[in-house]
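Participant:
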Ligand SMILES: [Fe+2]
Ligand SMILES: [Fe+2]
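Numbering (the numbering used here), first residue to last: 248 to 442.
1. Hey, how far is the Cα of residue 316 from the Cα of residue 300?
2. Use the C-beta contact count for residue 289: other C-beta atoms within 10 angstroms, 16 or more gives buried, fewer gives exposed.
3. Do residue 302 and residue 416 have their C-beta atoms closer together than 8 Å?
4. Here's the rule I'm using: 16 or more other beta-carbon atoms within 10 Å means buried, otherwise exposed. How should residue 335 be labelled?
5. Evaluate residue 250 with the Cβ neighbour count: other Cβ atoms within 10 Å of its Cβ, from every protein chain shown; 16 or more gives buried, anything less gives exposed.
6. Taking the alpha-carbon of residue 192 as reference, which of 292, 266, 264 and 273 has the nearest alpha-carbon?
7. What's the C-alpha gap between residue 333 and residue 362?
8. Between the alpha carbons of residue 307 and residue 405, how many angstroms are there, rounded?
9. Can you have a look at residue 283 and say buried or exposed, based on whether 16 or more other CB atoms are within 10 angstroms of its CB?
10. Check whether the Cβ of residue 362 sits closer than 7 Å to any heavy atom of ligand 2, and report yes or no.
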């Protein structure tokens, strides 16, 4: 959107812009999810990410149906918010050492993505209704429902086991690291010749 262009004037324009935003976001999520499937070591979490990858492909298809109903070509508009959320997820995943703590980090990152999608779809459903497009609202609502269900499922997995396991395993790992560092320091001290 340029400084002097008035691309968004009406609510229809705003709706279309936001639709393009979530279309871009869904495509970025589709690209990011295989990496999350790979990194997750908890089998239930891995399965959950795999399932959501299939659902995400469905979300993109439904958005394409929305574009078609509006007689527009499916098009994305760069969304710095989702790019930032995904970048941050990759960054933190690269910094976590323990596998179970990484599972907890992946859940947190995925929930940030889901919450972004929920806010976008919530808005789009409300606007579609205001614009008198119940047919479009219905499609968007189907996506919204799956995002909410995914978010709930992630909360369930985290609370049921991952958070607790991550707490225990993270501490155990830290203890080992400290012990190793102390051993290394002791070996080094022994190796230093006295003057
Ligand atoms: Fe989605
Ligand atoms: Fe999602």
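Glycine included, C-beta positions come from ideal geometry on N, C-alpha and C.
Owing to the predicted nature of the structure, the values given are computational and were not obtained by experimental measurement.
Facilitator: The answer reads as follows:
1. Taking the chain shown and counting its residues from 1, one reaches residue 316 at position 69. Taking the chain shown and counting its residues from 1, one reaches residue 300 at position 53. Cα-Cα distance, rounded: 25 Å.
2. As a position in the chain shown, residue 289 is number 42, starting the count at 1. Its Cβ being crowded by 16 or more others within 10 Å, residue 289 is buried.
3. By one-based count along the chain shown, residue 302 stands at place 55. By one-based count along the chain shown, residue 416 stands at place 169. For residue 302 and residue 416, no; Cβs fall outside 8 Å.
4. Within the chain shown, residue 335 is the residue found at index 88, counting from 1. Residue environment: residue 335 is assigned as exposed (fewer than 16 neighbouring CB atoms within 10 Å of its CB, all protein chains considered).
5. Here residue 250 refers to the residue found at position 3 when the chain shown is read from its first residue. Here residue 250 scores only 49 on pLDDT, less than 50, and its place in the model should not be relied on; the value that follows carries that caveat. It counts as exposed.
6. This structure gives no information on residue 192, because the portion of the chain shown stretches from 248 to 442.
7. Walking along the chain shown from the start, residue 333 turns up at place 86. Walking along the chain shown from the start, residue 362 turns up at place 115. Computed Cα separation, rounded: 13 Å.
8. One-based indexing of the chain shown puts residue 307 at position 60. One-based indexing of the chain shown puts residue 405 at position 158. In a straight line, the C-alpha of residue 307 is about 27 Å away from that of residue 405.
9. Reading the chain shown from its first residue, position 36 is the one you call residue 283. Looking at its Cβ environment, which holds 16 or more other Cβ atoms inside 10 Å, residue 283 is buried.
10. The sequence position of residue 362 within the chain shown is 115, counting from 1. Distances between the C-beta of residue 362 and the heavy atoms of ligand 2 are all 7 Å or more.
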